[in-house]
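Colleague:
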């Protein structure tokens, strides 16, 4: 199996030595297909990883080019048949991006539940891939973190109540329908004449939806046992799980393999996401218990996580935490078929268009010409001026937000634009962190935000 990190092409030159770690690696150079790639959700514009293999005419020299981008995950190249595992970035201090904690931080902002589509792609129907347990595959804690965050939101808002059927052996009273057969067997023949077995409608929390969520919560504990009890992931997830468990005391226990249900009430729409995630967690649990006998390895479905999307959610959560009034921060609002990441319009006077770029090179270099022009183009839209309430021809401020604590040396620093730190500027930084000003574009700024690492 190929094992690399995201943005692999920027940090490694000797790709062939990585490829040679695969068993029978020379076999792949005998295939007719020497180039292969995997796209996110089969979208040609969202390439997760690509590979190119070459052998000279004499057959004694090999070359390999591997390129990964903003995605982490586990999959198999469709033509080459080689498995690949892409991990989160590791910075110069050998610390890895804590993508699970980033997700938990992001979902503290309830509005982010509306933007989870496109964050993760799972392929449960494809062949599962065997992976060493010590790698702690990325998918399981990520699904659990999403599930617990959604259920926590449901508990905070209040679980759904509805009518459900209940059978009870009542004393000295009758309610609903008497179950004659059971009444004869359990009461009449045993001389319990004051008892009546009745079936009736009850209104409350003990409905199938909540029973399913309670069961999945109990299965989550099994997965959490795979993580060190001293790790931040374990502590944070267990804390949320305990909070969620407190909301299900009035829900009875029931066993599920999966649940097929579609909630139509918009007030409880997050139930649909919780059910989807719950079914995936149960599938992971069921598949490995029934089909994997080798305790050193685990079967895992192919999947991909879009780290650039996760970074956007993380930035949105931080912006909403700092600018908390309604309407001060808008996420992916469309203007004439164009869609900036964020529009900022605060009572303190900040009116800006903001773009979140998951590109660590921005900490040492500058935006590409293409990125700068795209962000500047948003500020020329009349609809953006109207949204921000700007009636004159003032230039709208623009900000690039980038990860500041992932420092790498890259082959391409993109120095087309000159951004420098300025001690004095009329603009207000969005965060209390490094802040640079463009000398080529008016009111264009670069600001970093530190990711969570472990």
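In this note's numbering, the protein residues as written are 220 to 673. In this text, a Cβ means the ideal position worked out from N, Cα and C, and glycines have one as well. Because the structure is a prediction, the values reported are computed rather than measured.
1) Starting from residue 440 and walking both ways along the alpha helix (DSSP H), at which residues does that stretch end?
2) Can residue 358 and residue 551 be called in contact, C-beta distance under 8 angstroms?
3) Ignore the nearest five residues each way along the sequence and tell me which others in residue 534's own chain have a CB closer than 7 angstroms to its CB.
4) I'd like to check one pair, residue 672 with residue 435: are the Cβ atoms closer than 8 angstroms?
5) Answer yes or no: do residue 428 and residue 473 have a C-beta to C-beta separation smaller than 8 angstroms?
6) Could you give the residue range of the beta strand (DSSP E) that holds residue 601?
7) What whole-angstrom Cβ distance do residue 287 and residue 226 have, given they're in contact under 8 angstroms?
8) Find out if the Cβ-Cβ distance for the pair residue 471, residue 425 is shorter than 8 angstroms.
9) Quick one: complete alpha helix (DSSP H) runs, 4+ long, within the stretch 389–421?
10) Using only the alpha-carbon positions, how far apart do residue 182 and residue 570 sit?
11) Grab the span of the alpha helix (DSSP H) containing residue 533 for me, first residue to last.
12) Alpha carbon to alpha carbon, what distance is there between residue 419 and residue 337?
13) Do residue 238 and residue 283 have their beta-carbon atoms positioned less than 8 angstroms apart in this structure?
14) Tell me whether residue 220 sits in a helix, a strand or coil according to DSSP, three-state version.
15) Which same chain residues, not among the five before or five after residue 366, have their C-beta less than 8 angstroms away from its C-beta?
16) By DSSP, does residue 375 sit in helix, in strand, or in coil?
17) May I ask you to report which of helix, strand or coil DSSP gives residue 384?
18) On the three-state DSSP scale, how would you describe residue 617?
19) Would you call residue 430 buried or exposed, if buried means 16 or more other Cβ atoms sit within 10 Å of its Cβ?
20) Measure the alpha-carbon distance for residue 389 versus residue 407 and round it to whole angstroms.
21) If residue 560 and residue 573 are in contact, beta carbons under 8 angstroms, what's the gap, nearest whole angstrom?
22) For the 8 angstroms Cβ check, are there 3 or more pairs between the stretch 318–336 and the stretch 294–301?
23) If distances are taken between C-alpha atoms only, which option among 306, 422, 240 and 395 comes closest to residue 416?
24) I'd like the span of the beta strand (DSSP E) that includes residue 592, first residue to last.
25) So, with DSSP's three-state summary, where would you put residue 234?
26) Could you name the residues of the same chain whose beta carbon sits closer than 6 angstroms to that of residue 664, not counting the 5 residues immediately before and after it, in chain order?
27) Taking the C-alpha atoms as reference points, what is the distance between residue 462 and residue 404?
28) Which of helix, strand or coil does DSSP assign to residue 519?
29) Within the same chain, show all residues whose beta-carbon is closer than 8 angstroms to that of residue 363, passing over the 5 residues directly before and after it, in chain order.
30) Residue 385: which of 585, 414, 421 and 625 sits nearest, CA to CA?
31) Does residue 341 come out as helix, strand or coil in the three-state DSSP assignment?
32) Just to confirm, are residue 625 and residue 308 a CB contact at a threshold of 8 angstroms?
33) Should residue 268 be counted as a contact of the ligand ZN given a C-beta to heavy atom distance under 7 angstroms?
34) Roughly how many angstroms separate the alpha carbons of residue 715 and residue 306, rounded to a whole number?
35) What does the alpha-carbon distance come out to for the pair residue 459 and residue 522?
36) If you draw a straight line from the C-alpha of residue 446 to the C-alpha of residue 352, how long is it?
Modeller: In terms of the structure at hand:
1) Counting from 1 along the chain shown, the entry for residue 440 is found at position 221. Annotation for residue 440: the continuous alpha helix (DSSP H) segment containing it runs 427–443.
2) Position 139 of the chain shown, counted from the first residue, corresponds to residue 358. Position 332 of the chain shown, counted from the first residue, corresponds to residue 551. Cβ distance not < 8 angstroms, so residue 358 and residue 551 don't count as in contact.
3) If you number the chain shown from 1, residue 534 lands on position 315. So the list reads 575, 620 and 668, once near-sequence residues are dropped.
4) Taking the chain shown and counting its residues from 1, the one referred to as residue 435 is at position 216. Taking the chain shown and counting its residues from 1, the one referred to as residue 672 is at position 453. Annotated as distal: residue 435 and residue 672, with beta-carbon spacing of 8 angstroms or more.
5) Position 209 of the chain shown, counting from 1, holds the residue named residue 428. Position 254 of the chain shown, counting from 1, holds the residue named residue 473. Not closer than 8 angstroms, so no.
6) The residue labelled residue 601 in the question sits at position 382 within the chain shown. Not the beta strand (DSSP E): residue 601 falls in the alpha helix (DSSP H), residues 601–607.
7) Stepping through the chain shown from its first residue, residue 287 is reached at position 68. Stepping through the chain shown from its first residue, residue 226 is reached at position 7. Yes, they are in contact, since the Cβ atoms of residue 287 and residue 226 sit about 6 angstroms apart, within 8 angstroms.
8) For the purposes of this step, residue 471 is taken as the residue at position 252 of the chain shown. For the purposes of this step, residue 425 is taken as the residue at position 206 of the chain shown. Contact: yes.
9) Correct list: 399–402.
10) Residue 182 falls outside the range modelled here, since the chain spans only 220 to 673, and no answer is possible.
11) Taking the first residue of the chain shown as 1, we reach residue 533 at position 314. Residue 533 -> alpha helix (DSSP H) spans 526–541.
12) The residue given as residue 337 occupies position 118 in the chain shown. The residue given as residue 419 occupies position 200 in the chain shown. Their Cα atoms are separated by approximately 43 angstroms.
13) Residue 283 sits at position 64 when you count from the first residue of the chain shown. Residue 238 sits at position 19 when you count from the first residue of the chain shown. Yes, these two residues count as a Cβ contact at 8 angstroms.
14) Within the chain shown, residue 220 is the residue found at index 1, counting from 1. Coil at residue 220, not helix or strand.
15) Here residue 366 refers to the residue found at position 147 of the chain shown. Contacts found: 435, 439, 493, 496, 497 and 500.
16) Locating residue 375 in the chain shown gives position 156, where the first residue counts as 1. Helix at residue 375.
17) As a first step, residue 384 is located in the chain shown; it is residue number 165 there, counting from the start. Of the three classes helix, strand and coil, the one that applies to residue 384 here is strand, per DSSP.
18) Numbered from its first residue, the chain shown carries residue 617 at position 398. Here residue 617 carries a strand assignment [DSSP, helix/strand/coil].
19) Taking the first residue of the chain shown as 1, we reach residue 430 at position 211. Within a 10 Å sphere around the beta-carbon of residue 430 sit 16 or more other beta-carbons, which makes this residue buried.
20) Here residue 389 refers to the residue found at position 170 when the chain shown is read from its first residue. Here residue 407 refers to the residue found at position 188 when the chain shown is read from its first residue. The straight-line gap from Cα to Cα measures roughly 13 angstroms.
21) In the chain shown, the residue the question calls residue 560 occupies position 341. In the chain shown, the residue the question calls residue 573 occupies position 354. Contact between residue 560 and residue 573 is confirmed by a C-beta separation of about 6 angstroms, below the 8 angstroms threshold.
22) In short, these stretches do not touch, since the Cβ pair count stays below three.
23) Residue numbering aside, residue 416 sits at position 197 when the chain shown is read from its first letter. Scanning 306, 422, 240 and 395 for the CA closest to the CA of residue 416 turns up 395.
24) Sequence index remark: in the chain shown, residue 592 carries index 373 (1-based). Segment 588–597 is the alpha helix (DSSP H) holding residue 592; no beta strand (DSSP E) there.
25) Taking the chain shown and counting its residues from 1, one reaches residue 234 at position 15. Assignment of residue 234 by DSSP, reduced to helix, strand and coil, places it in the helix class.
26) The residue you call residue 664 lines up with position 445 of the chain shown. Cβ neighbours of residue 664 beyond the five flanking positions: 618 and 656.
27) As a first step, residue 462 must be located in the chain shown, where it is residue number 243. As a first step, residue 404 must be located in the chain shown, where it is residue number 185. Approximately 43 angstroms, taken between the alpha carbons.
28) Here residue 519 refers to the residue found at position 300 of the chain shown. Here residue 519 sits in strand by DSSP.
29) Start at 1 with the first residue of the chain shown, and residue 363 comes out as number 144. In the same chain as residue 363, and ignoring 5 residues on each side of it, the C-beta atoms closer than 8 angstroms to its own belong to 439, 442, 443, 456 and 500, in chain order.
30) Here the question's residue 385 lines up with position 166 in the chain shown. Among 585, 414, 421 and 625, the Cα nearest to that of residue 385 belongs to 421.
31) Working through the chain shown from its first residue, we reach residue 341 at position 122. The answer is strand: DSSP assigns residue 341 an E or B state.
32) Locating residue 625 in the chain shown gives position 406, where the first residue counts as 1. Locating residue 308 in the chain shown gives position 89, where the first residue counts as 1. Against a cut-off of 8 angstroms, the Cβ pair of residue 308 and residue 625 comes out as a contact.
33) With respect to the ligand ZN, the structure shown offers nothing to examine, as it has no ligands at all.
34) The first residue shown for the chain is 220 and the last is 673, placing residue 715 beyond what the model contains.
35) Here the question's residue 459 lines up with position 240 in the chain shown. Here the question's residue 522 lines up with position 303 in the chain shown. Between residue 459 and residue 522, the C-alpha separation is close to 25 angstroms.
36) Along the chain shown, one-based indexing puts residue 446 at 227. Along the chain shown, one-based indexing puts residue 352 at 133. Taking the straight line from one Cα to the other gives about 11 angstroms.
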